Amino acid sequence: YLSGGNQQKIIAGREILKGAEVFVASQPTRGLDVASTEYIRKLLLELRDQGKAILLVSTDLDEILQLSDRIAVMYEGKIIGELERGEATMEKLGLLMGGVA
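For the sequence shown, this note's numbering assigns the number 173 to the initial residue and increments by one for each residue that follows.
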């Protein structure tokens, strides 16, 4: 059996080999060990640098701030805020996620 991290690596590799221009990554590092998390995040940054579009769905604020160029926050099924990376902070994201801002 493969660990969760190795499963994620195989899935990511399979999708990259397909030559896609758009990737949807939903909770890509959830439940992974530190090394696997870093590998997946590095891979997503490399894809971004190659001009690929990545839709990242995550509740991990560190991950969002590290990987995102633009951030849209949903609350109760609606987008209630959009931020550029430079204006996003943990506090702003937390408030938006809680429906406060």
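Ideal placement from N, C-alpha and C gives every residue a C-beta, glycine not left out. Note that the structure is predicted; figures quoted are calculated from it, not measured.
If you measure between the beta carbons of residue i and residue j, is that distance less than 8 Å?
i	j	result
A197	L216	yes
R213	L233	no
G203	G223	no
E235	T261	no
L237	I226	no
For residue i, I'd like the list of residues in its chain whose CB is within less than 8 Å of its CB, leaving aside the five on either flank, ordered along the chain.
i	result
V229	V196, A197, S198 and Q199
V245	I251, I252, G253, E254, L255, L265, L268 and M269
Among residues of its own chain, excluding the 5 on either side of residue i, which ones have a beta-carbon nearer than 6 Å to its beta-carbon?
i	result
A273	L267
Y247	G271
Answer with buried or exposed for residue i, where buried requires no fewer than 16 other C-beta atoms within 10 angstroms of its C-beta.
i	result
T231	exposed
I182	exposed
Q179	exposed
Tell me whether residue i sits in a helix, a strand or coil according to DSSP, three-state version.
i	result
G249	coil
L267	helix
Within a Cβ cutoff of 7 Å, which residues of the same chain sit near residue i, ignoring the five residues on either side of it in sequence?
i	result
A184	I212 and L215
E187	F195
T209	T201
For a minimum of 4 consecutive residues, which ranges assigned as the alpha helix (DSSP H) are wholly contained in the segment 182–247?
206–221 and 233–239
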